[in-house]
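Participant: Residue numbers (the numbering used here), protein chains in the order written: chain A, 1 to 320; chain B, 321 to 654. Let me give you the structure first, and then I'll get to my questions.
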Amino acid sequence: MIELSEELLLRMYYKMNQARYFEEKLDELVSKGKVHGTVHLAIGQEASGVMPCLALEEGDLVSMSHRSHVQAIGFGLDVNLMMAECLGKYTGYCKGKGGSMHIADVENGNLGGNGIVGGGFNLSCGAALTQKYHNTGKVVLCFAGDGATNTGSFHESLNLASIWKLPVVFFIENNQYGMSNPVENHINIENISDRSEAYNIPGLTIDGNDFLGVYNTATKALRYARAGKGPVLIEAKTYRYSGHSKSDKQLYRDKRELIEWQKKDPLLKMKEYLRENRVFTEKQILKMEEEARVSIEQAVEFAQKSPQPELTTILEDVYA
Amino acid sequence: MMKTSDMIKMTYRDAIRLGITEEMRQDKDVIFLGEDIGTYGGAFGVSKGLLEEFGEERILDTPISEGAIVGTAVGAATTGLRPICEMMFMDFITLGMDALVNQGAKMRYLFGGQSQVPMVLRLPAGSGTGAAAQHSQSLEAWLCHVPGLKVVTPSSPAQAKGLIKAAIRDNNPVCFIEHKMLYDAVGLVPIDEDYILEIGKTIVERPGKDVTIVAYGTTLLKAIEAAEFLEEEGIKVEILNPLTLYPIEMQPIIDSVIKTGCLIVAHEAVKTGGLGGEIVARVVESEAFDYLTAPIIRLGGLDVPIPFNQELEAATVPQRNDFVHGVYRLLNRI
Ligand SMILES: Cc1ncc(C[n+]2csc(CCOP(=O)(O)OP(=O)(O)O)c2C)c(N)n1
Ligand SMILES: [Mg+2]
Numbered sequence: 001m002i003e004l005s006e007e008l009l010l011r012m013y014y015k016m017n018q019a020r021y022f023e024e025k026l027d028e029l030v031s032k033g034k035v036h037g038t039v040h041l042a043i044g045q046e047a048s049g050v051m052p053c054l055a056l057e058e059g060d061l062v063s064m065s066h067r068s069h070v071q072a073i074g075f076g077l078d079v080n081l082m083m084a085e086c087l088g089k090y091t092g093y094c095k096g097k098g099g100s101m102h103i104a105d106v107e108n109g110n111l112g113g114n115g116i117v118g119g120g121f122n123l124s125c126g127a128a129l130t131q132k133y134h135n136t137g138k139v140v141l142c143f144a145g146d147g148a149t150n151t152g153s154f155h156e157s158l159n160l161a162s163i164w165k166l167p168v169v170f171f172i173e174n175n176q177y178g179m180s181n182p183v184e185n186h187i188n189i190e191n192i193s194d195r196s197e198a199y200n201i202p203g204l205t206i207d208g209n210d211f212l213g214v215y216n217t218a219t220k221a222l223r224y225a226r227a228g229k230g231p232v233l234i235e236a237k238t239y240r241y242s243g244h245s246k247s248d249k250q251l252y253r254d255k256r257e258l259i260e261w262q263k264k265d266p267l268l269k270m271k272e273y274l275r276e277n278r279v280f281t282e283k284q285i286l287k288m289e290e291e292a293r294v295s296i297e298q299a300v301e302f303a304q305k306s307p308q309p310e311l312t313t314i315l316e317d318v319y320a
Numbered sequence: 321m322m323k324t325s326d327m328i329k330m331t332y333r334d335a336i337r338l339g340i341t342e343e344m345r346q347d348k349d350v351i352f353l354g355e356d357i358g359t360y361g362g363a364f365g366v367s368k369g370l371l372e373e374f375g376e377e378r379i380l381d382t383p384i385s386e387g388a389i390v391g392t393a394v395g396a397a398t399t400g401l402r403p404i405c406e407m408m409f410m411d412f413i414t415l416g417m418d419a420l421v422n423q424g425a426k427m428r429y430l431f432g433g434q435s436q437v438p439m440v441l442r443l444p445a446g447s448g449t450g451a452a453a454q455h456s457q458s459l460e461a462w463l464c465h466v467p468g469l470k471v472v473t474p475s476s477p478a479q480a481k482g483l484i485k486a487a488i489r490d491n492n493p494v495c496f497i498e499h500k501m502l503y504d505a506v507g508l509v510p511i512d513e514d515y516i517l518e519i520g521k522t523i524v525e526r527p528g529k530d531v532t533i534v535a536y537g538t539t540l541l542k543a544i545e546a547a548e549f550l551e552e553e554g555i556k557v558e559i560l561n562p563l564t565l566y567p568i569e570m571q572p573i574i575d576s577v578i579k580t581g582c583l584i585v586a587h588e589a590v591k592t593g594g595l596g597g598e599i600v601a602r603v604v605e606s607e608a609f610d611y612l613t614a615p616i617i618r619l620g621g622l623d624v625p626i627p628f629n630q631e632l633e634a635a636t637v638p639q640r641n642d643f644v645h646g647v648y649r650l651l652n653r654i
């Protein structure tokens, strides 16, 4: 059994709440016209985005998808710098050059979000090759969506990682849609994890809204990869509550489907768990929620007060 | 000249859709493939309603597999269909490049003229949407480096309709570049179902006599704004629009330079290796060389990826004032 300390449970609940508030606040800013460009929100995917990151060890790496805010918060990125990046400010993680889709903290092992669907698979193999080459004992966690598993790079990466036994865990957040395309229309199998069989690697399909299940599965997969046994493919079934991006009218799905999924909300489920197991008092739970909310309010304030990048920065950072 | 009664006002987006709709109605072999082009209506709304009219057999919502979209189109085209395909953003052509460059563009020549590849690749290009470096590029110069491909780009709704229809009827792979910031542009569009703009033409967008500007895409609109401003000062700028970027028709540009003696070539694409350099080279190789009265000016995107921040993004590509200053410089006004 995997040990769940009180401290860890606190971190889990806090981060999932932080992630939810971050997305809701960003959504609000977008609807007020305060954000240039688009954003991809992951409300509803807090367990699948946060928990695998909490299962990482110090020094492990992560590659994120285009829907990366929740993943980034799980990995421990600073919400101030994240929000500043979303608003294009100089204080943001990428000095305002990347925006919502391209948050990264490379020095600390966050290899960044990716605007190219499927762009992270091959990169993760490369990062895992570095770990293997230098014998670091570190693992790469590669996030992607269901839609991304139809790219050539997914299949090339699984095969390569398998034959070279690369320390990488491919973590697919199956939120039931690739933009407007329902997963049953773009993939002809029930479980995406079955694709692992073709490459002779372990594949698991799990409930992506169950924080504990996601955490335990990710922990085991990371252990397996760390032990030099090669890659693992995990599919976490979940759901995105918001539209694909800001311009999405969501004509392709039924509101009732959303309501059904909201009954299985990952935050609610974790709260129920905390109550049932009497881990924290009601007061402590509320306090965690409040602290998470305040941290996001502060992040918005930080971002809004931050300076725009100087025009001269356009020419910086093209080359090393 | 077309009467305005034969025209209707519509957006660039609607004009592309109208052209596609008319061609799909009159030729059952035209099919359309792309991501989210069905119920969603395409990321930029170009294919809205097409699924309802033409059904799932002809409006094919694909998985996220750009290589498969382009490759399937090439294969279908060589065997009798006339596919249109959409890359959601031009940037993603990188993933379809093998099918396009090594297969589609080469096949006819390789096989000694046996095959033809009648397909259209729709490519929403350009910056201005705050989508950062992987969703904002103008990569036309790459495509114009591949014999076998044709590359066209409309800058108005009427041009969009005329060119998309010509592209669909053409028996070669045609890359159809749409600038994202033009989708909402409104203009008069001929309702004639045989209104076609012949591929391979450069047109005079605005006649003038003092300075020649060559531009396309949204950069063309900025040039027009500059020309309107300069007109008030008595400066008459002649603007040329290379509707077909490859193979490009040079004579109208050469004729214009002979008349004005001054040339500005502009595009949003990165300046280095951009199409502007090719146009300039051809002008100086031509009889227009002797008529030049000032050094040529090339305006282009800075040699950087497109940044996210709105102010930085705008400062990365040529704007109206860059044209105004360019014209002043050529005419020794500054
Ligand atoms: C190569 C590529 N093709 C298309 C897109 C446009 N696009 C962005 S996200 C997306 C859907 C991705 O679906 P999925 O992988 O399931 O991730 P989700 O959005 O559901 O998180 C698409 C088609 C892209 N960014 N990159
Ligand atoms: Mg998805």
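We put the CB at the ideal spot given by N, CA and C, even for glycine.
Measure from the alpha carbon of A/Asp27 to the alpha carbon of each residue in A/Leu56, A/Cys86, A/Ala236, A/Phe75, then state which is nearest.
Facilitator: Selected option, being the one with the closest Cα: A/Cys86.
Participant: Return the chain-ordered ranges of every alpha helix (DSSP H) run that is complete within the segment 347-399 of chain B and spans a minimum of 4 residues.
Facilitator: You should have 370-378, 386-398.
Participant: Mark A/Lys25 as exposed unless 16 or more other C-beta atoms lie within 10 angstroms of its C-beta, in which case mark it buried.
Facilitator: So A/Lys25 counts as buried.
Participant: Could you please give the first and the last residue of the uninterrupted alpha helix (DSSP H) stretch that includes A/Asn216?
Facilitator: Start and end: 211-226.
Participant: Using 8 Å as the cut-off, classify the Cβ of B/Asp284 as near or not near the heavy atoms of ligand 2, replying yes or no.
Facilitator: Coverage of chain B is limited to positions 321 through 654, which leaves residue 284 of chain B absent and any answer about it impossible.
Participant: Give me the DSSP bridge partner(s) of B/Val618.
Facilitator: The sequence shown places Arg at residue 618 of chain B, rather than the Val named in the question. B/Val585.
Participant: Using CA atoms only, rank isn't needed, just tell me which of B/Gly448, B/Met327, B/Phe374 is closest to B/Glu343.
Facilitator: Answer by Cα proximity: B/Phe374.
Participant: With distances taken Cα to Cα, identify the nearest neighbour of B/Leu353 among B/Val531, B/Ala396, B/Glu406.
Facilitator: When only C-alpha atoms are compared, the closest one is B/Glu406.
Participant: Determine the closest residue to A/His40 out of A/Gly115, A/Asn277, A/Met16, A/Leu123, with distance taken between C-alpha atoms.
Facilitator: When each option's Cα is compared against that of A/His40, the closest is A/Gly115.
Participant: Is any heavy atom in ligand 2 found nearer than 8 Å to the beta carbon of B/Tyr503?
Facilitator: It does not: the Cβ of B/Tyr503 is nowhere closer than 8 Å to a heavy atom of ligand 2.
Participant: Can you tell me whether A/Arg240 sits near ligand 2, meaning its C-beta is under 8 Å from at least one heavy atom of the ligand?
Facilitator: Within the cutoff, so yes.
Participant: Along the alpha helix (DSSP H) that carries A/Cys142, what are the first and last residues, could you check?
Facilitator: Segment 140-145 is the beta strand (DSSP E) holding A/Cys142; no alpha helix (DSSP H) there.
Participant: Go to B/Met327, then tell me how far its beta strand (DSSP E) extends in each direction, as first and last residue.
Facilitator: It spans 327-331 - the beta strand (DSSP E) in which B/Met327 sits, taken as one unbroken run.
Participant: Are the C-beta atoms of B/Val624 and some chain A residue less than 9 Å apart?
Facilitator: It does: the Cβ of B/Val624 has a partner Cβ on chain A nearer than 9 Å.
Participant: When Cβ atoms are compared, which residues of the segment 170-191 of chain A fall closer than 8 Å to chain B?
Facilitator: Cβ contacts with chain B: Gly178, Met179, Ser180, Asn181, Asn185, His186, Ile187.
Participant: Within its chain, find whatever has a CB closer than 7 Å to the CB of B/Gly365; leave out the 5 residues flanking it on each side and keep chain order.
Facilitator: Around B/Gly365: Arg333.
Participant: Whose C-beta lies closer than 7 Å to the C-beta of B/Ala634 among residues of the same chain, with five residues either side of it excluded?
Facilitator: Hits under 7 Å: none found.
Participant: Is it buried or exposed for B/Arg345, if we count other Cβ within 10 angstroms and need 16 for buried?
Facilitator: Classification of B/Arg345: exposed, given that the 10 Å Cβ count is below 16.
Participant: If we ignore side chains and look at the alpha-carbon of each, how far apart do A/Gln131 and A/Gly109 end up?
Facilitator: Taking the straight line joining both Cα atoms gives about 12 Å.
Participant: Going by DSSP, what residues sit across from B/Met439 in a beta bridge?
Facilitator: According to DSSP, which records beta bridges pairwise, B/Met439 is partnered with B/Pro493.
Participant: What is the residue span of the beta strand (DSSP E) that A/Arg67 lies within?
Facilitator: From DSSP, A/Arg67 is part of no beta strand (DSSP E); its letter is neither H nor E.
Participant: For the segment 502-510 of chain B and the segment 599-607 of chain B, state whether three or more C-beta atom pairs, one from each stretch, are separated by less than 8 Å.
Facilitator: Touching, no, given that fewer than three Cβ pairs across the two stretches are closer than 8 Å.
Participant: Say yes only if the C-beta of A/Ala148 is nearer than 8 Å to one or more non-hydrogen atoms of ligand 1, and no if none qualify.
Facilitator: A/Ala148: yes, Cβ under 8 Å from ligand 1.
Participant: Looking only at DSSP bridge pairs, what is B/Gly507 linked to?
Facilitator: Partner(s): B/Met330.
Participant: Indicate whether A/Ala84 and A/Gly120 have their beta-carbon atoms separated by less than 9 Å.
Facilitator: Not in contact: A/Ala84 and A/Gly120 (Cβ atoms no closer than 9 Å).
Participant: State yes or no: is the C-beta of B/Met570 nearer than 8 Å to some heavy atom of ligand 1?
Facilitator: Incorrect: B/Met570 has no Cβ contact closer than 8 Å to ligand 1.
Participant: Below 8 Å, is the gap between the Cβ of B/Phe409 and the nearest heavy atom of ligand 1?
Facilitator: Checking the Cβ of B/Phe409 against ligand 1 gives yes.
Participant: Along the segment 446-458 of chain B, what residues have a CB closer than 7 Å to any CB found in chain A?
Facilitator: Here the close residues are Thr449, Gly450, Ala451, Ala452, Gln454, His455.
Participant: Can B/Asn629 be considered in contact with ligand 2, in the sense that its beta carbon sits closer than 8 Å to one or more heavy atoms?
Facilitator: B/Asn629 Cβ: outside cutoff for every heavy atom of ligand 2.
Participant: Can you list the residues of chain A that B/Ser385 reaches, using a CB-CB cut of under 8 Å?
Facilitator: Near B/Ser385 (Cβ distances below 8 Å), the residues of chain A are Asn150, Thr151, Gly152.
Participant: State yes or no: is the C-beta of B/Ile519 within less than 9 Å of the C-beta of B/Lys470?
Facilitator: Yes, the pair counts as a contact, with Cβ atoms nearer than the cut-off.
Participant: List, in chain order, every chain A residue whose beta-carbon is nearer than 7 Å to that of B/Gln630.
Facilitator: The answer, in chain order, is His36, Gly88.
Participant: Measuring only the C-alpha atoms, how far is B/Gly593 from B/Gln457?
Facilitator: Their backbone Cα atoms lie some 14 Å apart in a straight line.
Participant: Taking contact to mean 3 or more Cβ pairs, one atom from each stretch, closer than 8 Å, check whether the segment 255-266 of chain A and the segment 224-236 of chain A are in contact.
Facilitator: Verdict: no, contact absent.
Participant: Who are the near neighbours of B/Asp326 in its chain, counting only those whose CB is closer than 8 Å to its CB and skipping five residues on each side?
Facilitator: Within the same chain, B/Asp326 has close Cβ partners Pro510, Ile511, Asp512.
Participant: What does a CB cutoff of less than 6 Å around A/Ser157 pick up in its chain, not counting 5 residues either side in sequence?
Facilitator: Phe121, Asn122, Cys125.
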